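Enquirer: Numbering (full-length UniProt numbering), first residue to last: 1 to 322. Glycine included, each C-beta is placed from N, C-alpha and C at the ideal position. Quick caveat: nothing in here was measured; it's all calculated off a predicted structure. Mind looking over this structure? Questions follow.
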């Protein structure tokens with residue numbers, strides 16, 4: 001009996017040493033192979049914030065759009081055929097690819113062939129939120145980079161700006177994310193900007209207070225000067241007019257004041273789902289609770305269907321496979 005147990009342990013150790021054990025994400029994954037990873041990324045993100053603070057909003061969005069399609073596997077970074085960058089929710093909208101490549105190069109210089117692009121995207125998102133006075137959380141590592149992109153999946157799975165609250169809930173739940181995750185992660189819209197073409201219909205549409213898409217008339221008027229009824233679709237407006245480069249809970253206060261930029265924002269408060277509206281109110285009144293739930297949501301998003309060894313690879317350049 002004892003010899004059988006020893007044999008089983010020996011087999012397990014053999015598999016673990018060969019890299020074929022059941023892999024899992026861990027906060028200490030690079031503790032011996034790239035111990036300065038966090039410091040390298042943090043310094044690079046701080047430089048980004050110093051030169052263009054709103055880039056961090058784009059990098060957080062890049063994290064969402066990568067992880068929401070087949071998990072966090074850096075498929076969003078791949079160039080070439082079936083490119084996710086040219087999916088409808090991403091084309092002419094998503095940016096920050098060059099920042100990730102630059103940070104990857106810095107990491108490669110110190111820890112060659114060690115850290116995946118997928119893990120870099122995940123930690124960059126946290127560092128960006130922290131750099132704009134937002135919360136922190138424990139990032140786990142060990143993700144691998146995918147060998148292919150999936151433009152079709154990106155078109156289907158990424159939630160567009162015009163979804164109502166019930167469809168947003170369904171979209172998030174289809175990815176194993178909760179209603180709390182939906183409302184908390186939507187709070188990332190406290191930073192960044194939106195293109196006029198994605199919300200212009202709200203400016204010149206129904207104005208009745210009974211409409212689910214009702215917009216505060218003062219907010220509406222301030223946006224019209226930036227977004228004319230004809231043309232200007234690529235013009236940008238802050239998602240939060242008050243503190244557009246500070247990560248805070250003003251986003252939720254704006255929703256209660258009927259000043260959400262996108263339909264998919266305002267529907268969280270006005271769309272008729274009482275549970276969702278209660279969470280909006282909670283976060284508007286309690287920033288600490290928002291920070292706590294946002295951190296939880298980012299962890300949950302980062303853990304979606306991780307690609308683990310021996311699958312995938314560690315790309316040397318994030319835009320192409322090795």
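Using DSSP bridges, identify the partner residues of residue 145.
Expert: Position 145 of the chain shown, counting from 1, holds the residue named residue 145. Answer is 313.
Enquirer: For a test of the three-state rule: what should DSSP assign to residue 336, helix, strand or coil?
Expert: The question about residue 336 has no answer here: the residues shown for the chain are numbered 1 through 322.
Enquirer: Counting Cβ pairs, one atom from each stretch, are 3 or more of them under 8 Å apart for the region 163-183 and the region 29-44?
Expert: No contact exists between the region 163-183 and the region 29-44.
Enquirer: Note down, in chain order, each residue of its chain lying with its Cβ closer than 8 Å to the Cβ of residue 126, except the 5 sequence neighbours on either side.
Expert: Taking the first residue of the chain shown as position 1, residue 126 is located at position 126. Excluding positions up to five away in sequence, the list reads 136, 137, 139, 298.
Enquirer: Along the alpha helix (DSSP H) that carries residue 238, what are the first and last residues, could you check?
Expert: Within the chain shown, numbered from 1, the residue matching residue 238 stands at position 238. Per DSSP, residue 238 belongs to no alpha helix (DSSP H); it is in the beta strand (DSSP E), 236-238.
Enquirer: Look at the alpha carbon of residue 213 and the alpha carbon of residue 296, and state the distance between them as a whole number of angstroms.
Expert: Position 213 of the chain shown, counting from 1, holds the residue named residue 213. Position 296 of the chain shown, counting from 1, holds the residue named residue 296. Spanning the two alpha carbons is a distance of roughly 29 Å.
Enquirer: Let me know if residue 109 comes out buried or exposed under the rule of 16 or more other beta-carbons within 10 Å of its beta-carbon.
Expert: Against the chain shown, residue 109 aligns to sequence position 109. It counts as exposed.
Enquirer: When you compare only the Cα positions, how much space is there between residue 190 and residue 251?
Expert: Numbered from 1 along the chain shown, position 190 holds the residue referred to as residue 190. Numbered from 1 along the chain shown, position 251 holds the residue referred to as residue 251. C-alpha separation (whole angstroms): 5 Å.
Enquirer: If we count the other Cβ atoms within 10 Å of its Cβ and call it buried at 16 or more, is residue 269 buried or exposed?
Expert: Here residue 269 refers to the residue found at position 269 of the chain shown. Buried: at least 16 other Cβ atoms inside 10 Å.
Enquirer: Cβ of residue 265 within 7 Å of Cβ of residue 180?
Expert: As a first step, residue 265 is located in the chain shown; it is residue number 265 there, counting from the start. As a first step, residue 180 is located in the chain shown; it is residue number 180 there, counting from the start. Taking 7 Å as the Cβ cut-off, residue 265 and residue 180 do not qualify as a contacting pair.
Enquirer: So residue 205 is in the beta strand (DSSP E); what residue range does that whole segment cover?
Expert: For this step, residue 205 is matched to residue 205 along the chain shown. Counting along the chain, residue 205 falls outside any beta strand (DSSP E), and DSSP gives it neither H nor E.
Enquirer: Report the residue ranges of all alpha helix (DSSP H) runs contained in full by the region 96-122; include only those spanning at least 4 residues, in chain order.
Expert: Whole alpha helix (DSSP H) segments, 4+ residues: 97-110.
Enquirer: Report the three-state DSSP secondary structure of residue 194 (helix, strand or coil).
Expert: Position 194 of the chain shown, counting from 1, holds the residue named residue 194. Residue 194: strand per DSSP, three-state reduction.
Enquirer: Quick check on residue 31: does DSSP put it in helix, strand or coil?
Expert: Within the chain shown, numbered from 1, the residue matching residue 31 stands at position 31. The answer is coil: DSSP assigns residue 31 none of H, G, I, E or B.
Enquirer: Could you name the residues of the same chain whose beta carbon sits closer than 7 Å to that of residue 131, not counting the 5 residues immediately before and after it, in chain order?
Expert: Working through the chain shown from its first residue, we reach residue 131 at position 131. Correct list, in chain order: 45, 46, 49, 56.
Enquirer: Is it the case that the region 227-246 contacts the region 190-206, given that we only count it when at least three CB pairs across the two stretches are under 8 Å?
Expert: Contact between the region 190-206 and the region 227-246 is present, because at least three Cβ pairs lie under 8 Å.
Enquirer: For residue 320, which residues of its own chain have a beta-carbon under 8 Å away from its beta-carbon, when the five flanking residues on both sides are left out?
Expert: Stepping through the chain shown from its first residue, residue 320 is reached at position 320. Only 78, 79, 80 meet the Cβ criterion.
Enquirer: Taking all protein chains shown into account, decide if residue 75 is buried (16 or more other Cβ within 10 angstroms of its Cβ) or exposed.
Expert: Locating residue 75 in the chain shown gives position 75, where the first residue counts as 1. The residue is buried, with at least 16 neighbouring Cβ atoms inside 10 Å.
Enquirer: I'd like the list of long-range same chain contacts for residue 128, defined as Cβ closer than 7 Å, with 5 residues on each side in sequence excluded.
Expert: As a position in the chain shown, residue 128 is number 128, starting the count at 1. Here the set comprises 45, 56, 59, 60.
Enquirer: Strictly under 7 Å for the Cβ-Cβ distance: is residue 148 near chain B by that measure?
Expert: The question asks about chain B, but that chain is absent: this structure has only one protein chain.
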